[in-house]
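Just below is one structure, and these are the notes that go with it.
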Amino acid sequence: MSKRDLYEVLGVGRDAAEREIKKAYKRLAMKFHPDRNQEDPDAGEKFKEVKNAYEILTDPQKKAAYDQYGHAAFEQGGMGGGGGYGGGADFGDIFGDVFGDIFGGGGRRSQQRAQRGADLRYNMELTLEEAVRGCSKEIHVPTLVGCDSCDGSGAKRGTSATTCGTCHGHGQVQMRQGFFAVQQTCPHCHGRGKIIKDPCNKCHGQGRVEKTKTLSVKIPAGVDTGDRIRLAGEGEAGEFGAPAGDLYVQVHVAEHAIFERDGNNLYCEVPVSFTMAAIGGEVEVPTLDGRVNLKVPSETQTGRMFRMRNKGVKSVRGGAVGDLICKLVVETPVNLSARQKELLQELEESFGGKAAGKHKPKSEGFFDGVKKFFDDLTG
Numbered sequence: 029m030s031k032r033d034l035y036e037v038l039g040v041g042r043d044a045a046e047r048e049i050k051k052a053y054k055r056l057a058m059k060f061h062p063d064r065n066q067e068d069p070d071a072g073e074k075f076k077e078v079k080n081a082y083e084i085l086t087d088p089q090k091k092a093a094y095d096q097y098g099h100a101a102f103e104q105g106g107m108g109g110g111g112g113y114g115g116g117a118d119f120g121d122i123f124g125d126v127f128g129d130i131f132g133g134g135g136r137r138s139q140q141r142a143q144r145g146a147d148l149r150y151n152m153e154l155t156l157e158e159a160v161r162g163c164s165k166e167i168h169v170p171t172l173v174g175c176d177s178c179d180g181s182g183a184k185r186g187t188s189a190t191t192c193g194t195c196h197g198h199g200q201v202q203m204r205q206g207f208f209a210v211q212q213t214c215p216h217c218h219g220r221g222k223i224i225k226d227p228c229n230k231c232h233g234q235g236r237v238e239k240t241k242t243l244s245v246k247i248p249a250g251v252d253t254g255d256r257i258r259l260a261g262e263g264e265a266g267e268f269g270a271p272a273g274d275l276y277v278q279v280h281v282a283e284h285a286i287f288e289r290d291g292n293n294l295y296c297e298v299p300v301s302f303t304m305a306a307i308g309g310e311v312e313v314p315t316l317d318g319r320v321n322l323k324v325p326s327e328t329q330t331g332r333m334f335r336m337r338n339k340g341v342k343s344v345r346g347g348a349v350g351d352l353i354c355k356l357v358v359e360t361p362v363n364l365s366a367r368q369k370e371l372l373q374e375l376e377e378s379f380g381g382k383a384a385g386k387h388k389p390k391s392e393g394f395f396d397g398v399k400k401f402f403d404d405l406t407g
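So the sequence shown is numbered by my numbering: it starts at 29 and just counts up by one.
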C-alpha cells in the first residue's frame with residue numbers, strides 16, 4: 029500500500045472537517061472505482077488507497093494517531109489488528125460508504141439505528157350495508173407498545189444506556205482474516221452501540237411490552253373487498269423509542285342474501301310468476317334505500333334484465349353512483365292441485381294448432397334448429 033500523505037490522497041487540508049473529507053472521498057471513490065475504470069489496471073489500487081485514507085481520517089482515534097505518528101502508527105505493533113492500516117478495501121463497500129450517507133444506510137462506522145416497529149394487519153369483515161354506507165367499528169389488536177415505566181428506553185427509570193465498550197458505540201466490529209477485513213454486527217450490543225446495565229423491571233430491557241389495544245376504526249362509505257385502511261402509528265412500537273409501525277385494516281365484505289356487488293353496480297334475481305311474465309304487472313324489488321316497484325311488461329321472458337338507475341353503490345374513490353340490475357326469473361308453479369293441473373292442460377291445448385309458434389317463439393326456433401342439426405348430420 030502506498031505511503032503517500034493521506035490528506036494529499038484525498039486532496040484536503042489537515043484542518044479539513046469530516047464533512048469535507050467525506051465529500052472528497054465520494055468524488056474520488058466514484059472516479060477510481062474498478063467497475064467504472066475497467067481499462068485502467070491501476071484503478072483498483074487507487075481505489076484502495078482512497079478508501080484507506082477515508083477510513084483512517086474519519087475515525088477519531090486513528091486520525092489522532094496518524095497526525096502524531098504518521099504511517100508508523102499502523103505498522104505492526106501500532107494500532108493493532110482490529111482496524112489497522114491497509115484494511116481490506118472491498119470494492120463493493122463503495123455502495124455502503126458512498127450511498128449509505130445519502131439513503132440512510134449505515135457505513136461501517138455508523139451505529140445501527142433502532143428498528144421502526146413492524147406493520148400489522150387486521151382482517152375486518154363487513155356486511156354489504158356497512159360497506160356501502162360506512163360505519164365505525166371497535167377492534168381489539170394484540171401488539172407491542174412502548175413501556176410506560178421506562179418511556180421505551182429499556183433502562184430503569186433514573187438510569188440510561190451506556191456506550192458499548194466493544195464497538196465504542198459504532199454498532200459494528202471488524203475482524204481480520206489475512207488481507208481481508210470482515211465487518212459484522214457487534215456481538216455485545218447487537219448493533220445498537222449502547223448497553224443497558226440496569227434494565228427496566230417491567231419490560232426487562234426491551235423497551236416494549238405486550239398489550240391489547242382497543243381502537244375505533246372509521247370505515248368510509250363505498251369500501252369493497254380488498255380495500256385497506258391505514259392507521260398510521262398504530263402498529264407495533266419501535267425498539268428503544270423508535271417510531272411505531274402502521275396498522276392496516278384489510279376489508280372483506282361478506283356475501284349478501286339478496287345482492288351481489290360488481291364494482292359500483294348491484295345485481296339481484298327477482299322471481300315472478302309465469303302469469304305475471306305473460307300478461308305483465310308490477311313486482312316489489314328491494315334496494316339498499318328501501319322498496320321500489322318494478323313494472324314487468326307482458327310477454328317477459330326469464331332472464332331479462334332491468335336496470336334501476338342510481339340504486340347501486342358510490343365508490344369510496346368517488347365517481348357516479350352505480351345501478352341496480354334486476355334479473356327476472358320466471359317461476360314454475362309447484363304443489364298443484366288436480367284442478368290447477370286441469371286448467372294448465374286446457375291452457376296448453378289452447379296454444380295448439382298452427383298458431384302454436386306465435387305463443388312459443390323460443391321453442392319453435394329451438395326445435396327448428398335441432399331438426400336442421402340432425403338433417404345436416406345424416407345428409
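Ideal Cβ placement from N, Cα and C applies to all residues, glycine included. None of the values given here were measured: they were computed from a predicted structure.
{"Query": "For the beta strand (DSSP E) holding residue 258, just list the boundary residues, first then last.", "Result": "256-259"}
{"Query": "Let me confirm a value: residue 365 is counted as buried when at least 16 other C-beta atoms fall within 10 Å, else exposed. Which label applies?", "Result": "exposed"}
{"Query": "Measure from the alpha carbon of residue 56 to the alpha carbon of each residue in 340, 299, 38 and 231, then state which is nearest.", "Result": "38"}
{"Query": "Is it true that the region 353-361 meets the region 313-328, where meeting means three or more beta-carbon pairs spaced less than 8 Å apart?", "Result": "yes"}
{"Query": "Which runs of the alpha helix (DSSP H) spanning at least 4 residues fall entirely within the region 134-193, listed in chain order?", "Result": "156-161"}
{"Query": "Going by the beta-carbon positions, is the gap between residue 159 and residue 252 smaller than 9 Å?", "Result": "yes"}
{"Query": "Could you give the DSSP three-state label for residue 373: helix, strand or coil?", "Result": "helix"}
{"Query": "Taking 8 Å as the cut-off, does the CB of residue 38 come closer than this to any heavy atom belonging to the ligand MG?", "Result": "This structure lacks the ligand MG, and indeed carries no ligand of any kind."}
{"Query": "For residue 40 and chain C, any beta-carbon pair shorter than 9 Å?", "Result": "No chain C appears in the structure shown, which is made up of a single protein chain."}
{"Query": "Among the residues of its own chain, which have a CB less than 7 Å from the CB of residue 53, if the five just before and after it don't count?", "Result": "38, 78 and 82"}
{"Query": "Report all residues from its chain with a CB closer than 6 Å to the CB of residue 408; omit the five preceding and five following residues, and keep chain order.", "Result": "Residue 408 lies beyond the range of the chain shown here (29 to 407); nothing can be said about it."}
{"Query": "If we ignore side chains and look at the alpha-carbon of each, how far apart do residue 35 and residue 217 end up?", "Result": "33 Å"}
{"Query": "Classify residue 321 as helix, strand or coil using the three-state DSSP reduction.", "Result": "strand"}
{"Query": "Grouping DSSP H, G and I as helix and E and B as strand, with all else coil, what is residue 275?", "Result": "strand"}
{"Query": "Taking the alpha-carbon positions, what's the residue 289 to residue 305 distance?", "Result": "26 Å"}
{"Query": "When burial is assigned at 16 or more other CB atoms within 10 Å of the CB, is residue 31 buried or exposed?", "Result": "exposed"}
{"Query": "Where DSSP assigns a beta bridge to residue 239, which residues make up the other side?", "Result": "171"}
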